[in-house]
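Residue numbers (the working numbering), protein chains in the order written: chain V, 10 to 806; chain D, 7 to 351. Structure first, commentary second.
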Amino acid sequence: MRVPIEWLSEYVELNLGVQELADKLALTGTEVERIERHGLSETDGFVVGKVLSREKHPDADRLSVCQVDVGEKVQIVCGAPNVDAGQTVGVARPGAVMPDGTKLKRAKLRGQESNGMILSERELEISQDHDGIMVLPDHLEPGTSLAEVLALSTDVLVLEITPNRPDCLGIYGVAREVAAATGAALKPPPWSEDPGSSGPLQGVEIVNQAGAELNPRFTARVFDGVQIGPSPLWLKARLMAAGQRPISNVVDITNYVMLVTGQPTHAFDLDRVAGAQLTVRRAGAGEQMVTLDGQERTLDPDVVLIDDAEGPTSIAGVMGGARSEVSAETTRVLFEAATWSGPNIHQTSWKLALHSEASTRFAKGLQPEQTLWAQALATQLLAQNAGATVRPGTIDIGAEPPAPVTLPLRAARIKKLIGTPVAEHRSVNILTALGFDVARTGEGLAVTVPAFRRADVTREVDLIEEVARLEVLQDLPATLPARHEAVGGLTERQRLVRRAADLLSAQGLHEVTGWSFAGPEQNQKLGLEHDAVQLRNPMSADQSQLRTTLLGSVLDIASHNVARGAETVRIFELGAVYKPEAVGSGKAEDTHLLALLTGAARPATWRDNQPPVADFYTAKGVVTALLDGLGVDYSLEAGRANGALHPGRSAILTAKSQRVGFVGELHPSVAAEWDIDQTVAVLAVNLDKLALPEVRRYRDLTSFPEVREDIAVLLDQSVTAAELVTTIRSAAGALLRDATVFDVYRDAERLGEGKQSLAVRLSFAAPDRTLTDEEVASKRAKIIDAVGKWHGGEIRG
Amino acid sequence: MIERIEELLAAGRAAIEQARDTAALEEVRIEYLGRKAELPNILRGVAELPPEQRGPTGRAANEARKALETEIDARSSKLAAAELEQRLIDDKIDVTLPGDPQPSIGRLHLLTQTRREIEDVFLGLGFQVKEGPELETVYYNFDALNHDPTHPARLETDTFYIGEDLVLRTHTSPMQVRAMLAQPPPIHIIVPGRVYRPDSDATHTPQFHQIEGLAIDEDITLADLKGTLLAAVKAIFGDEREIRLRPHFFPFTEPSVEVDVSCFNCTQGLLEDGSRCNLCKGTTWIEILGAGMVDPNVLGHVDYDTERYQGFAFGMGIERIAMLKHGVPDLRLLYDNDIRFLEQF
Chain V
10 MRVPIEWLSE YVELNLGVQE LADKLALTGT EVERIERHGL SETDGFVVGK VLSREKHPDA
70 DRLSVCQVDV GEKVQIVCGA PNVDAGQTVG VARPGAVMPD GTKLKRAKLR GQESNGMILS
130 ERELEISQDH DGIMVLPDHL EPGTSLAEVL ALSTDVLVLE ITPNRPDCLG IYGVAREVAA
190 ATGAALKPPP WSEDPGSSGP LQGVEIVNQA GAELNPRFTA RVFDGVQIGP SPLWLKARLM
250 AAGQRPISNV VDITNYVMLV TGQPTHAFDL DRVAGAQLTV RRAGAGEQMV TLDGQERTLD
310 PDVVLIDDAE GPTSIAGVMG GARSEVSAET TRVLFEAATW SGPNIHQTSW KLALHSEAST
370 RFAKGLQPEQ TLWAQALATQ LLAQNAGATV RPGTIDIGAE PPAPVTLPLR AARIKKLIGT
430 PVAEHRSVNI LTALGFDVAR TGEGLAVTVP AFRRADVTRE VDLIEEVARL EVLQDLPATL
490 PARHEAVGGL TERQRLVRRA ADLLSAQGLH EVTGWSFAGP EQNQKLGLEH DAVQLRNPMS
550 ADQSQLRTTL LGSVLDIASH NVARGAETVR IFELGAVYKP EAVGSGKAED THLLALLTGA
610 ARPATWRDNQ PPVADFYTAK GVVTALLDGL GVDYSLEAGR ANGALHPGRS AILTAKSQRV
670 GFVGELHPSV AAEWDIDQTV AVLAVNLDKL ALPEVRRYRD LTSFPEVRED IAVLLDQSVT
730 AAELVTTIRS AAGALLRDAT VFDVYRDAER LGEGKQSLAV RLSFAAPDRT LTDEEVASKR
790 AKIIDAVGKW HGGEIRG
Chain D
7 MIERIEELLA AGRAAIEQAR DTAALEEVRI EYLGRKAELP NILRGVAELP PEQRGPTGRA
67 ANEARKALET EIDARSSKLA AAELEQRLID DKIDVTLPGD PQPSIGRLHL LTQTRREIED
127 VFLGLGFQVK EGPELETVYY NFDALNHDPT HPARLETDTF YIGEDLVLRT HTSPMQVRAM
187 LAQPPPIHII VPGRVYRPDS DATHTPQFHQ IEGLAIDEDI TLADLKGTLL AAVKAIFGDE
247 REIRLRPHFF PFTEPSVEVD VSCFNCTQGL LEDGSRCNLC KGTTWIEILG AGMVDPNVLG
307 HVDYDTERYQ GFAFGMGIER IAMLKHGVPD LRLLYDNDIR FLEQF
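What follows is the structure, given as structure tokens:
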């Protein structure tokens with residue numbers, strides 16, 4: 010919403026500079042996007058001139074040499090075709106600064122001296138007219154400053170009007186807000202004088218078939234003797250400053266009226282309204298219509314049309330039709346101001362992708378009273394500026410507008426909600442300035458809501474907001490709430506999630522944040538056959554689903570980094586995956602954690618310049634540290650959790666007999682889909698499936714020493730490390746505190762084909778005594794026995 | 007026999023003297039005092055000697071052995087010290103070669119760090135952290151938050167739809183209603199989480215993160231909102247910060263405000279070089295969040311007595327706070343996840 014200060018000041022006695030005014034508005038609820046300057050930056054050097062004589066330039070066909078009285082006689086060379094002796098014109102004298110910033114100089118044009126410039130409207134930003142010079146009324150005195158005659162410059166407030174304040178989509182509404190915010194006096198609305206009359210109107214017929222919900226009010230007047238022509242300069246200048254292009258007086262008046270009142274209007278050429286009748290109706294299903302922009306559009310019954318006897322002329326509230334537009338020949342005007350259903354207009358303009366000044370205003374919801382404001386103001390302006398005579402009567406279809414509502418406003422309630430008291434007379438002043446009627450009652454105030462705030466102010470709290478925003482907010486004290494029983498804290502689950510992230514970052518993994526969106530090809534590339542939640546209105550095909558795994562987003566990010574030269578990538582993501590089968594259950598998301606490692610398992614150095622690359626065991630090490638750190642009891646078994654993984658190098662994580670995740674190397678062909686041609690190790694945990702850690706109980710590990718022993722066992726390669734350790738543990742019983750495989754040796758020549766030697770570090774301890782050599786020896790013997798019995802293993806060396 | 011012992015002693019002493027290192031000395035020890043050496047043999051054979059020779063021979067042999075032992079030990083520690091000295095000299099290294107790089111500590115994503123920082127501030131103010139579903143019903147996302155049925159935010163241009171009544175939540179506000187349904191007042195919660203809107207340009211991504219706040223009790227006021235946010239802003243942006251409340255409009259709060267924080271990048275809108283501050287655009291204030299008193303219609307949806315209970319709600323963008331605080335110029339950097347970006351924080 011563009012509000013020229015020059016125009017605004019017609020309705021309110023401004024008492025602040027423009028910047029102060031803008032600040033005041035911003036702090037009372039009207040957002041000011043910016044302040045613009047329209048027209049001249051300074052008006053010095055712009056004067057009224059009288060063309061005394063015009064002669065053809067001796068050396069240029071298109072130029073004229075004029076003698077002009079600008080208070081003194083000067084010679085000016087002019088290129089306009091319409092310049093002539095006797096005209097009163099605007100002149101920019103040498104030294105004047107044009108709106109584009111150029112400073113005018115005395116010049117010679119083809120040998121003829123020129124002391125300034127005779128101005129066109131476009132040069133002054135009054136209109137876009139540049140076909141000729143601007144001709145002023147004759148009575149003006151030459152040499153008078155042009156600024157005294159015309160609004161040559163104004164600051165313009167560019168406002169962002171919140172959706173609850175459609176009343177501020179008109180300049181008078183903004184003026185009322187300015188008055189309330191600054192204490193300035195508001196002048197009566199410009200529509201208070203209505204030269205027209207109510208009662209029946211002859212010569213046109215209007216029918217509303219669409220119903221009062223879609224079209225609550227339809228008003229029309231007829232104007233005879235209309236002379237189409239350009240608008241007066243002041244009107245053009247205001248429209249330009251407000252961002253509207255002047256076209257002709259009647260069209261300009263429809264726009265001007267809208268900009269003042271907020272109510273869009275439409276002028277029909279009555280002689281081109283077939284049958285002199287208009288019918289408001291719903292469009293038929295599939296009905297086709299060519300709109301003003303030349304496009305054929307398919308309509309539906311939610312679109313409201315205005316027909317004349319030959320069919321649709323316009324889409325109500327959205328776009329007029331070409332057939333009955335006013336033109337240079339128009340002499341009789343049917344002037345329409347109607348109220349349309351805001352939601353319906355909103356829907357229609359989105360559906361047809363047609364957005365206009367009118368449709369955006371209607372969409373916000375206008376009040377039926379505004380139609381007659383617009384008729385009154387238009388009637389004044391058409392008479393003054395288009396020679397029009399208003400025909401007696403006004404067509405006015407629609408129910409009586411709702412009666413005004415009166416709301417109570419209790420001082421105690423203001424204090425209770427805001428936290429600070431407001432003196433009653435302050436509330437009265439503010440509400441009165443905003444156009445509310447206020448009466449004092451025994452319990453406080455009785456406040457009657459004006460029509461233009463009807464939709465926004467319906468409850469006491471809405472009145473409190475008005476008082477708060479204008480009176481309290483800028484000096485509001487800052488207090489802290491009383492605590493009562495409220496206690497802050499994280500849940501155990503929230504602490505678990507935080508700890509998981511901390512455990513991974515402590516191992517040198519960076520956290521990443523990927524997209525929840527995925528495309529169908531992502532799971533294809535991963536070899537996953539999950540169904541995914543589909544978006545009905547995605548922004549693009551590759552964001553048309555919600556991810557079912559974090560693998561895709563983490564691989565995207567790994568690939569992005571590898572492509573940019575990262576040799577080692579150690580990252581993890583902690584986020585939701587979405588389960589289509591659970592949509593509607595209220596819990597369609599699981600919180601997953603997925604880490605990816607590729608490149609060196611540890612940093613290369615000058616003495617270890619070929620460190621091993623991250624592989625299955627690196628990832629297993631990470632997940633072990635993670636789950637141990639979280640205090641989760643888990644087990645791991647060989648197995649391929651999904652098709653993205655290497656068939657022989659992946660394992661499934663289980664906790665409390667539930668699958669909770671996996672660890673493994675990526676299938677090389679999957680990694681290749683992401684342009685990574687090295688080993689990629691991943692691990693994933695469904696954090697929602699992890700049981701919360703139990704409170705750890707104390708164990709005495711320090712009072713008595715451990716006895717450590719190493720054994721090496723010769724076994725078939727088919728025996729896994731886990732199987733061996735399990736056998737050892739069950740053979741040794743409770744005194745065996747730990748058993749860890751620390752060496753694997755395979756050599757067909759020395760050990761035999763298919764054989765391996767696993768070396769295990771054993772540590773024995775008892776909680777209540779120091780173990781004797783004999784006790785340890787006996788456990789060792791049992792271990793050797795069991796390993797031989799269950800795995801055919803022999804102890805080496 | 008005695009002479010032989012003296013010979014051995016003399017020879018042993020000479021050998022000790024000649025031993026150049028501890029290894030050679032060890033050989034000397036074996037030669038003269040080892041199990042098969044002559045001197046110990048003599049000692050062992052003393053018992054077989056005639057009685058009158060036993061005393062002198064035994065004494066002489068024992069003394070010779072002790073003398074050799076003592077001298078070997080003395081020589082040995084001397085040699086060991088010299089050898090250690092030499093080894094330390096030989097062990098000299100080039101201390102200017104690079105040290106072993108340790109695996110660097112990973113970083114939490116800047117959004118997580120910022121989220122935690124905000125959470126921790128509100129935990130300290132007595133708030134609990136709640137999380138709600140990202141797939142949300144139209145009821146909780148719009149209806150219960152007082153958006154009328156034709157509110158433009160409901161359009162497919164503004165909201166991702168999964169089904170007729172199911173959307174990707176467009177804000178964290180639905181949890182206000184869920185939390186109030188789940189428990190009676192007092193309620194003091196914040197709701198961090200991921201939200202979605204179909205927008206993609208330099209300042210919008212279709213997914214982003216918010217933190218909602220809600221405080222409901224019998225006596226929570228707009229002034230309490232200001233005090234709470236002031237405390238949070240000071241904790242996050244520094245103790246010198248001020249805030250101001252500007253009236254605004256949101257469907258689910260009344261009165262509604264936008265909250266500005268005093269600029270931490272400039273003095274009176276100007277940078278040190280005299281140019282206009284690019285953060286606050288010279289206004290000295292930066293908008294950081296929206297807030298207000300919970301609209302009675304929202305409280306009505308959960309059957310709270312609106313004459314008795316009232317409270318405030320606020321919503322802030324985690325991305326915005328992170329970018330402001332750390333001077334990140336482009337939202338998309340947060341989602342590119344370039345390691346060189348992640349490592350900085």
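Heads up, the beta-carbon is just placed ideally off N, CA and C, and yes, glycines get one too. As the structure is a computational prediction, the values presented were derived from the model and not from experiment.
Within 8 Å, strictly: CB atoms of residue i and residue j
i	j	result
V:L744	V:K788	yes
V:L696	V:T600	yes
D:I292	D:I217	no
V:L397	V:F232	According to the sequence provided, residue 397 of chain V is Ala. The question's Leu does not apply to it. A contact, by the Cβ cut-off of 8 Å.
V:D317	V:A292	no
V:N91	V:G125	no
V:D68	V:G120	yes
Any chain D beta carbon closer than 8 Å to residue i
i	result
V:A690	no
V:K596	yes
V:Y626	no
V:R573	yes
Contacts around residue i, its chain only, beta-carbon distance under 8 Å, and the 5 residues preceding and following it disregarded
i	result
D:L235	I249, V265, L295, A297 and F320
D:F133	H194, I195, I196, G219 and A221
V:H676	G536, G652, A653, L654, H655 and P656
CB contact below 8 Å: residue i versus chain V
i	result
D:D225	yes
D:S179	no
D:Y315	no
D:F133	yes
D:M322	no
D:G296	no
D:S281	no
Residue i burial status per 10 Å Cβ neighbour count (16 or more: buried)
i	result
V:H364	exposed
D:F359	Outside the displayed range of chain D (7 to 351) lies residue 359 of chain D, so it cannot be described from this structure.
V:R102	buried
D:F128	buried
D:L348	buried
V:H655	buried
V:A160	buried
V:P41	The amino acid at residue 41 of chain V is misidentified as Pro; the sequence shows Val. It counts as buried.
D:K42	exposed
Beta-carbon proximity list for residue i, same chain, < 6 Å, skipping 5 on both sides
i	result
D:P4	Residue 4 of chain D lies beyond the range of chain D shown here (7 to 351); nothing can be said about it.
V:D147	T97
Cβ-based neighbour list, residue i, same chain, cut-off 7 Å, excluding 5 preceding and 5 following
i	result
V:E150	V57
Any C-beta of chain B under 8 Å from that of residue i
i	result
V:Q552	The question asks about chain B, but that chain is absent: this structure's protein chains are V and D.
If we count Cβ pairs, one from each stretch, closer than 8 Å, do we get three or more for the region 185-200 of chain V versus the region 442-462 of chain V?
yes
Taking one C-beta from the region 527-541 of chain V and one from the region 561-576 of chain V each time, how about it: are there three or more such pairs within less than 8 Å?
yes
Under 8 Å, with one C-beta from each stretch per pair, do the region 760-770 of chain V and the region 701-713 of chain V reach the 3-pair mark?
no
Pair every Cβ in the region 18-37 of chain D with every Cβ in the region 728-742 of chain V, then say whether three or more of these pairs are closer than 8 Å.
no
Are three or more beta carbon pairs between the region 475-482 of chain V and the region 570-578 of chain V nearer than 8 Å?
no
If you pair each beta-carbon of the region 320-330 of chain V with each one of the region 446-454 of chain V, do three or more pairs fall below 8 Å?
no
Can you confirm whether the region 54-73 of chain V touches the region 195-206 of chain V when touching is taken to mean that 3 or more C-beta pairs between the two stretches lie within less than 8 Å?
no
Does the region 168-179 of chain D come close enough to the region 365-384 of chain V that 3 or more CB-CB pairs lie under 8 Å?
no
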